[in-house]
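Q: Under the UniProt record's numbering, the first residue of the sequence shown carries the number 1, and numbering increases by one thereafter.
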Amino acid sequence: MNARPLLNRRLDGLGTTIFAEMSALATATGAINLGQGFPDTDGPEEIREAAVRALREGKGNQYPPGPGVPELRAAISDHQQRFYGLSFDPDTEVLVTAGATEAIAATLLALLEPDDEVIAFEPFYDSYAACIAMAGAKRVPLTLRAPSFRPDLDELRAKITPRTRLLLLNTPHNPTGTVLTAEEQSAIAALAVEHDLLVVTDEVYEHLVFEGTHRPIAALPGMRERTVTISSAGKTFSFTGWKVGWVKAFSPTYWTRAA
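If you want it as structure tokens, here you go:
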């Protein structure tokens, strides 16, 4: 075997996912695992029973359409309209993925070129670093500092360079719980428009907001056309093992099909 490394050099320094480490430690010590976003109970019984019926009736046991089952894409589109007043065509603007993590990876691989820069809040869901690295891009952290864990918008502006391709937003934020205010979202949207940046949003905790309501940045003026919105069923319905995620994006742009 030659001296060439077995693994892609883009993976250097990424190491083991923190979730594998936390789960192993919790199992070894008998501790309650608070390091991972899954509940201690299964989701609603009616959803479980519906899944059992679908399997018995032969629904979903074979290959689905590439973009996802039409009924699910329609439900995702209906959800966006019902909760946020956002209209997405289920046939051309919704893509179902194997969980939100695949949605993030596919989106970043589709949108980034080598040496592009991605600004992301820190601390962050650890797959972000791997996905950005695999795309050959550079992660530029914007640290959320205690005790408020709010983004410094002046610092955000200062981090934007000619190489900045997109902003990777996570709100409600994992792991701090920070929810961006309307003012913060408006300021971030203004920066995105000013610098012609794309915005990729991880909104898997959208229905776990305990004060006020979640509002997608895609709902702001001028943002639907430059935003890729990602979410999943796992956190909302407490079925994280099912790995059902989705991407929503404006169809005249190339990213939904590219992902």
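In this text, a Cβ means the ideal position worked out from N, Cα and C, and glycines have one as well.
1) For W255, which of helix, strand or coil comes out of DSSP?
2) Counting Cβ pairs, one atom from each stretch, are 3 or more of them under 8 Å apart for the segment 146 to 156 and the segment 176 to 195?
3) Identify, in the order they occur along the chain, each residue of the same chain with its Cβ nearer than 6 Å to the Cβ of H207, setting aside the five sequence neighbours on each side.
4) Do E117 and R150 have their C-beta atoms within less than 8 Å of each other?
5) With respect to the beta strand (DSSP E) encompassing I230, which residues constitute its N-terminal and C-terminal limits?
6) In the DSSP assignment, find the alpha helix (DSSP H) that holds I188 and state where it starts and stops.
7) Spell out a yes or no on whether the segment 52 to 62 and the segment 73 to 91 are touching, meaning 3 or more CB-CB pairs, one atom from each, closer than 8 Å.
8) Hey, would you say I32 sits closer than 8 Å to T107, going by beta carbons?
9) Tell me whether the beta-carbon of L167 lies closer than 8 Å to the beta-carbon of V204.
10) Which class does G250 belong to by DSSP, given the choice of helix, strand or coil?
11) Return the CA-CA distance between V94 and L6, expressed in angstroms with no decimal places.
12) So is S148 buried or exposed if we call it buried at 16+ other beta carbons inside 10 Å?
13) Which of helix, strand or coil does DSSP assign to E122?
14) Do P64 and A74 have their beta-carbon atoms positioned less than 8 Å apart in this structure?
15) Look at the alpha carbon of A249 and the alpha carbon of G30, and state the distance between them as a whole number of angstroms.
16) What span of residues does the beta strand (DSSP E) with P70 cover, start to end?
17) So what's D154 in DSSP terms, helix, strand or just coil?
18) Is it right to say D40 is buried, meaning 16 or more other beta carbons lie within 10 angstroms of its own, or is it exposed?
19) What three-state label does DSSP hand V52 in the structure shown?
20) Could you work out which residue in M134, F239, A130, E122 is closest to E113 when comparing CA atoms only?
21) Just curious, the beta strand (DSSP E) that T101 is in, first and last residue?
22) Return the CA-CA distance between L209 and A110, expressed in angstroms with no decimal places.
A: From the atom records:
1) If you number the sequence shown from 1, residue 255 lands on position 255. Only weak support is given to the placement of W255: the predicted model assigns it a pLDDT of 47, under 50, and the value that follows is read from those uncertain coordinates. DSSP places W255 within a helical segment (H, G or I) once states are collapsed to three.
2) Under the 8 Å Cβ criterion, the segment 146 to 156 counts as touching the segment 176 to 195, having at least three qualifying pairs.
3) Here the question's residue 207 lines up with position 207 in the sequence shown. Here the set comprises T236.
4) Here residue 117 refers to the residue found at position 117 when the sequence shown is read from its first residue. Here residue 150 refers to the residue found at position 150 when the sequence shown is read from its first residue. Their beta carbons are not under 8 Å apart, which means E117 does not touch R150 by this criterion.
5) Reading the sequence shown from its first residue, position 230 is the one you call residue 230. Looking at the DSSP string, the run of the beta strand (DSSP E) that includes I230 is 227 to 232.
6) Walking along the sequence shown from the start, residue 188 turns up at place 188. Where I188 is concerned, the enclosing alpha helix (DSSP H) starts and stops at 182 to 194.
7) In this structure the segment 52 to 62 does not lie against the segment 73 to 91, because fewer than three pairs of beta carbons, one per stretch, are closer than 8 Å.
8) What you label residue 32 is simply residue 32 of the sequence shown in a count that begins at 1. What you label residue 107 is simply residue 107 of the sequence shown in a count that begins at 1. No.
9) By one-based count along the sequence shown, residue 167 stands at place 167. By one-based count along the sequence shown, residue 204 stands at place 204. Cβ distance not < 8 Å, so L167 and V204 don't count as in contact.
10) The count along the sequence shown starts at 1 and reaches residue 250 at position 250. Correcting the residue identity first, residue 250 is Phe in this sequence and not Gly. The answer is coil: DSSP assigns F250 none of H, G, I, E or B.
11) Translated into positions along the sequence shown, residue 94 becomes position 94. Translated into positions along the sequence shown, residue 6 becomes position 6. Their Cα atoms are separated by approximately 36 Å.
12) Within the sequence shown, numbered from 1, the residue matching residue 148 stands at position 148. Classification of S148: exposed, given that the 10 Å Cβ count is below 16.
13) Here residue 122 is taken as the residue at index 122 of the sequence shown, counted from 1. In the three-state reduction of the DSSP assignment, E122 falls in the strand class, which pools E and B.
14) The residue you call residue 74 lines up with position 74 of the sequence shown. The residue you call residue 64 lines up with position 64 of the sequence shown. Contact flag unset, no.
15) Within the sequence shown, the letter at position 249 stands for residue 249. Within the sequence shown, the letter at position 30 stands for residue 30. Rounded to whole angstroms, A249 to G30 spans 43 Å at the Cα level.
16) Walking along the sequence shown from the start, residue 70 turns up at place 70. In the DSSP assignment, P70 falls outside any beta strand (DSSP E) and lies within the alpha helix (DSSP H) extending over 70 to 84.
17) Your numbering for residue 154 matches position 154 in the sequence shown. Helix at D154.
18) Numbered from its first residue, the sequence shown carries residue 40 at position 40. When all chains shown are included, D40 counts as exposed.
19) Here the question's residue 52 lines up with position 52 in the sequence shown. It is helical.
20) Sequence index remark: in the sequence shown, residue 113 carries index 113 (1-based). Nearest to E113 by C-alpha distance, out of M134, F239, A130, E122, is M134.
21) Here residue 101 refers to the residue found at position 101 of the sequence shown. It is not in any beta strand (DSSP E) - T101 instead sits in the alpha helix (DSSP H) that spans 99 to 111.
22) If you number the sequence shown from 1, residue 209 lands on position 209. If you number the sequence shown from 1, residue 110 lands on position 110. One detail in the question is off: residue 209 reads as Val in this sequence, not Leu. V209 and A110: Cα-Cα distance of roughly 30 Å.
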